[in-house]
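Chains as they are written, first to last, in our numbering: chain A, 85 to 427; chain B, 22 to 337. For each residue, glycine too, the CB sits at the ideal point set by N, CA and C. One structure is given below, encoded as C-alpha cells.
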Amino acid sequence: MSLRTALRGSRARAFVVGVAVLIAALLAGLLIGPVRIGAANVLRWLVSFGRTPSGMSEQEALILAELRLPRVIVAGLVGASLAASGAAYQAVFRNPLADPYLLGAAAGAGLGATIAVGYGPAGAIDVTVPVAAFVGALVGVGLAYGLGRSNVGGRAATSLVLAGVAVASFLTAVQTFLQQQRSDTLRQVYTWILGRLGTTGWDDVWLALPSVVLAVTTLWVVRRLLDVIEVGDVEAQSLGLNVTRLRLVVVLAASLATAAAVAVAGLIGFVGIIVPHTVRLLVGGSYRSVLPLSVLFGASFLIVVDLLARTVVAPAEIPIGVITALVGAPFFVVVLRRNRRAT
Amino acid sequence: MGRPRRILTAFALALWLAACGSYAGSEEGAPGGGDSPASEAAAFPVTIEGTNGRVTIDERPERIVSLSPTATEDLFATGAGDQVIAVDELSNFPAEAPVTELSGYEPNVEAIAGYEPDLVVFATEPGDLAASLEGLGITALQLDAAPTLRGAFDQIEQLGLATGHVAEADALVAELRVEVNLLVDGSDPSGLSFYYELDDTFYSATSKTFIGQLFELLGLENIADPAGKGSGGYPQLSAEYIIEADPDLIFLADTKCCGQSPETVAERPGWDEIAAVTDGGVVALDDDVASRWGPRVVDLLSQIAAAADAAEEDAA
Chain A
85 MSLRTALRGS RARAFVVGVA VLIAALLAGL LIGPVRIGAA NVLRWLVSFG RTPSGMSEQE
145 ALILAELRLP RVIVAGLVGA SLAASGAAYQ AVFRNPLADP YLLGAAAGAG LGATIAVGYG
205 PAGAIDVTVP VAAFVGALVG VGLAYGLGRS NVGGRAATSL VLAGVAVASF LTAVQTFLQQ
265 QRSDTLRQVY TWILGRLGTT GWDDVWLALP SVVLAVTTLW VVRRLLDVIE VGDVEAQSLG
325 LNVTRLRLVV VLAASLATAA AVAVAGLIGF VGIIVPHTVR LLVGGSYRSV LPLSVLFGAS
385 FLIVVDLLAR TVVAPAEIPI GVITALVGAP FFVVVLRRNR RAT
Chain B
22 MGRPRRILTA FALALWLAAC GSYAGSEEGA PGGGDSPASE AAAFPVTIEG TNGRVTIDER
82 PERIVSLSPT ATEDLFATGA GDQVIAVDEL SNFPAEAPVT ELSGYEPNVE AIAGYEPDLV
142 VFATEPGDLA ASLEGLGITA LQLDAAPTLR GAFDQIEQLG LATGHVAEAD ALVAELRVEV
202 NLLVDGSDPS GLSFYYELDD TFYSATSKTF IGQLFELLGL ENIADPAGKG SGGYPQLSAE
262 YIIEADPDLI FLADTKCCGQ SPETVAERPG WDEIAAVTDG GVVALDDDVA SRWGPRVVDL
322 LSQIAAAADA AEEDAA
C-alpha cells in the first residue's frame, strides 16, 4: 500500500504527503464542477489572483470566485474541524467511537437552528441559523460539561460522556417538540440537518475561519499531551499533568471547531470518526502524527466528498451528509482489512 | 383577485360550449345547470373515488373536518363552507375557515373524533388514519396531492359530490377550465426559460411535477429538467448551474418559508448577473398557493403568465 509506506517513513515526510494531498484536493475542487471551465483557464485565473484572464468569460470568473472557491475553502475548514475534534475527543475520552457530536454539540446546534427557523425573523434566516446553531452547539456542550464534571479519578471521562448522552436526548426532544409546533418549517430544518454546502459563500468562510483557526491551533499545540492522557487519568496525573484542565481545554477547543463547522455546513456525520482512525491505521497511534494528519486528511476528504456531491448527478446535488458515509464507510473497511493483513 | 375572476366568469358561461379547445378534459359533462342545492339532497348516498378507494357517504355531511389546506379551499369555494366545523392548523385560506390546532401531518385521532365529525377529509395518510376513523364510525376521505391540473379539478368535483354541492362544483370547475384555456391560448411559447425555487437551498421542480406542468402549459422552459432524473421531480440544483443557465425568469415559492424576495436573490453571491435579476424577472409567489392544488391554482397560473408576458415585452 503506497500511501501507507509513504506516510510511515518519518513524521516530516508524512506531513509533506498530507499537504500534497490537500493541495491536490483543493485543485480538483476548483477544476471540476457542474459548469465546465477549462483547466488552463482555472489555473490562469488562480495565478492572476482573481483577475479575469483573457479568454475566460465574466460568468466563469464569477462562478469560480463567488461559488467554487469559498465552497472548497469551507469544505476544507469543516473537514479539518470535524476530524481534529474527533481525534481529540477520542483521546480525552479514551473511546474509539467518540465523535465531535459526543457531548451534545449536534443536538444543541439542531435546537438552535430549529428555533431560528421557526421563531426567528423570516427574512434574515441565512444569518440567524448559523449563529443560532453555533450558540446552540456551545450551550449543549457547556451543559454536558457542567453537569457531568466529576473529580473522581478514573470515572471523569465516563461521567462526561453520560451527561452528554442525557443532554443530547433532552435537547433533541425539545427540538422535536418545537418542530411539531411549527410543522410548516419541518422541511427547512430537515434540509439543514442533512448538511449543506450548496449555498456556501464568503460569509460562511469569514464566519467559520476565526473559530476553526483558534481551535485547531489549540489542539495542535496540545497534541503531545493527548498521548499522555490517553493512557489514563491516574497515570497522566502521576506524570504531573493537570488532567481536568487539559480535558477542559480540549473540550472547549473541539466544541468551538465543531460549532463553527455545524453553523456553516449543518450536521455532517462520520468524518470525525473515520478520518482519525484511518490516519491511525496508516501511521500508528501517536497524536503527534494523528492530529496534524487528521487536520490535513479531514480537509482533503471533505473537499473530495463535496466534489462528488455536486458532480455525480449534476446539475443536481446530493446532500453531503449522505456521501460522507456512503464513500467513507467502504473506504474505512478496506483500510481496516488491509491493516489487519499487514500486521 | 376578485375582479379578474368575475370578468372571466362572464366569459366562462359564454365560451363554455365552444371551449372544448386546447385544454383537454371537457368531457366531464355539462355543468349541473338548474339543479338547486336543495333538490340534490335526495342524491345521497353517493360514492366518491378517493385516494383511499371508494368511499360511500350515506347522508349529506354536516360536520366536516378538513385536515388538508387544499380540501379546505375546495370546500369553501364550492359552497360547502357552512358544513365545515374544523380545519387543520395550516388551512389559512379562506379567512373564515374554522382553524384549529389539528395537524394534518401528525393527526391525533382522538382530537379529531372530539369534534364529532361525520366526514374527515385529509391529504396525507400517516399510517392508519382512515382505518382508525372508520373504526369510530367516521367516514374518511383521502384526496392526496393531485398529479395533474385535471386531477385537481376532479377533486373539486368529487368534493362537490361528497357534500351535496354538485352544481356549484361543476360550475366552478367549468369556470376554472375556461380561465386556464384563456391563459394557455393567450400565451406565446417564446422559449423563455425559468427557475422555480422551492427553498433557499435551491430545491426546484421539474416539468413532471404538478407545479411544473403549469409552466409547461404556458410554453416556458424549465432549467430544472436536465437535473430531473432520479430526483422524484424535485432536484436540488447547483448554484453554479443556475447561474450558467441564466434563466429569464425566477419564481420564488419560498417567500414565506424562507423569507426570500427579489432583493435577497439579487444579494446572493454571483446571482446579480442572471438575466432574471438584471431585467426584473424575479417573481415572488405565495408559498401556500404554489404548494396547493385548489381553485387558486388558476390565480397562480395567471400570475406566471403575466410575468412571462412582461418579460417578453422587455425582451422585444
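Nearest-angstrom Cα separation, counted from residue j out to residue i
i: A:Asp268; j: B:Phe231; result: 20 Å
i: B:Ala101; j: B:Asn202; result: 26 Å
i: A:Gly369; j: A:Glu314; result: 10 Å
i: B:Ile263; j: B:Leu238; result: 22 Å
i: A:Arg329; j: A:Ala345; result: 24 Å
i: A:Pro414; j: B:Val199; result: 57 Å
i: B:Asp109; j: B:Asn73; result: 20 Å
i: A:Gln259; j: B:Glu334; result: 49 Å
i: B:Ala45; j: B:Leu197; result: Reliability fails at B:Ala45, whose pLDDT of 40 lies under 50, so the model's placement of it is uncertain and the value that follows must be treated cautiously. Rounded to whole angstroms, B:Ala45 to B:Leu197 spans 13 Å at the Cα level.
i: B:Asp320; j: A:Leu293; result: 47 Å
i: A:Leu420; j: A:Val359; result: 12 Å
i: A:Pro399; j: A:Val100; result: 35 Å
i: B:Arg171; j: B:Ala190; result: 14 Å
i: A:Glu300; j: B:Leu154; result: First, the amino acid is wrong: residue 300 of chain A is Val here, not Glu. Distance between the alpha carbons of A:Val300 and B:Leu154 is about 57 Å.
i: A:Phe416; j: A:Val327; result: 31 Å
i: B:Gly50; j: B:Val187; result: Legend: pLDDT at B:Gly50 = 40, less than 50; position of this residue unreliable, no value from coordinates given.
i: A:Gly139; j: A:Arg120; result: 14 Å
i: B:Leu193; j: B:Ala98; result: 8 Å
i: B:Gln324; j: B:Asp269; result: 16 Å
i: B:Val86; j: B:Leu140; result: 6 Å
i: A:Pro137; j: A:Ala252; result: 51 Å
i: A:Trp35; j: A:Leu365; result: Examination of residue 35 of chain A is not possible in this model, given that chain A is present from 85 through 427 alone.
i: A:Leu181; j: A:Gly356; result: 9 Å
i: B:Ser211; j: B:Val205; result: 13 Å
i: A:Ala104; j: A:Ile199; result: 42 Å
i: B:Trp314; j: B:Ala329; result: 21 Å
i: B:Ser252; j: A:Ser295; result: 36 Å
i: B:Pro290; j: A:Leu151; result: 7 Å
i: B:Ala332; j: B:Ala266; result: 17 Å
i: B:Arg24; j: A:Val158; result: Note that B:Arg24 scores a pLDDT of 44, beneath 50, so its modelled location is shaky; the value from the coordinates is reported in the next line. One C-alpha to the other measures close to 51 Å.
i: A:Arg97; j: A:His361; result: 19 Å
Short Cβ contact (8 Å threshold) for residue i with residue j
i: B:Phe143; j: B:Glu218; result: no
i: A:Leu246; j: A:Tyr229; result: no
i: A:Gly192; j: A:Val225; result: yes
i: A:Gly452; j: A:Phe354; result: Because chain A in this structure spans residues 85 to 427, residue 452 of chain A falls outside the shown range and cannot be described.
i: A:Gly163; j: A:Ala383; result: yes
i: A:Ala324; j: A:Gly248; result: It should be noted that the sequence gives Gly, not Ala, for residue 324 of chain A. In this structure, A:Gly248 does not lie closer than 8 Å to A:Gly324 by Cβ.
i: A:Trp129; j: A:Ala145; result: yes
i: A:Val431; j: A:Val201; result: There is no way to answer for residue 431 of chain A, as the model of chain A reaches only from 85 to 427.
i: A:Gln264; j: B:Glu127; result: yes
i: A:Leu303; j: A:Val335; result: no
i: A:Phe177; j: A:Leu166; result: no
i: B:Ile177; j: B:Tyr136; result: no
i: A:Ala171; j: A:Leu351; result: no
i: A:Val388; j: A:Ile404; result: no
i: B:Ser228; j: A:Arg394; result: no
i: A:Ile218; j: A:Ala347; result: A small fix is needed here, since residue 218 of chain A is Phe in this sequence, not Ile. Taking 8 Å as the Cβ cut-off, A:Phe218 and A:Ala347 qualify as a contacting pair.
i: A:Gly232; j: B:Phe223; result: no
i: B:Leu162; j: B:Val76; result: yes
i: B:Asn113; j: B:Val120; result: yes
i: A:Val363; j: A:Leu386; result: no
i: B:Ala64; j: B:Gly181; result: no
i: A:Ala208; j: A:Asp317; result: no
For residue i: DSSP bridge partner residues
i: B:Thr160; result: B:Leu140
i: A:Ser169; result: Paired residues: none, contrary to the question.
i: B:Phe215; result: B:Asn243 and B:Leu270
i: B:Gly74; result: B:Gly71
i: B:Ala107; result: B:Val86
i: B:Val120; result: B:Val108
i: B:Tyr224; result: B:Gln257
Cβ of residue i within 8 Å of any chain D Cβ
i: A:Glu314; result: Given the protein chain composition of this structure (A and B), no chain D is represented.
Unbroken stretches of the beta strand (DSSP E), 3 residues or longer, contained in the segment 78-102 of chain B: Qualifying beta strand (DSSP E) stretches, in chain order: 85-87.
Stretch-stretch touch, CB-based, cutoff 8 Å, three pairs: the segment 241-256 of chain B with the segment 292-310 of chain B: Flag = no, the segment 241-256 of chain B and the segment 292-310 of chain B do not touch.
Secondary structure, alpha helix (DSSP H): runs of 4+ residues fully inside the segment 227-314 of chain B: 231-238, 260-266, 283-288, 296-299 and 308-311
Minimum length 4: unbroken alpha helix (DSSP H) runs contained in the segment 348-424 of chain A: 355-367 and 371-395
Within the segment 105-144 of chain A, ranges of the alpha helix (DSSP H) (whole runs, at least 4 residues): 123-131
Every unbroken alpha helix (DSSP H) inside the segment 150-202 of chain A [4 residues or more]: For the segment 150-202 of chain A, whole alpha helix (DSSP H) runs of length 4 or above, ordered along the chain, are 153-176.
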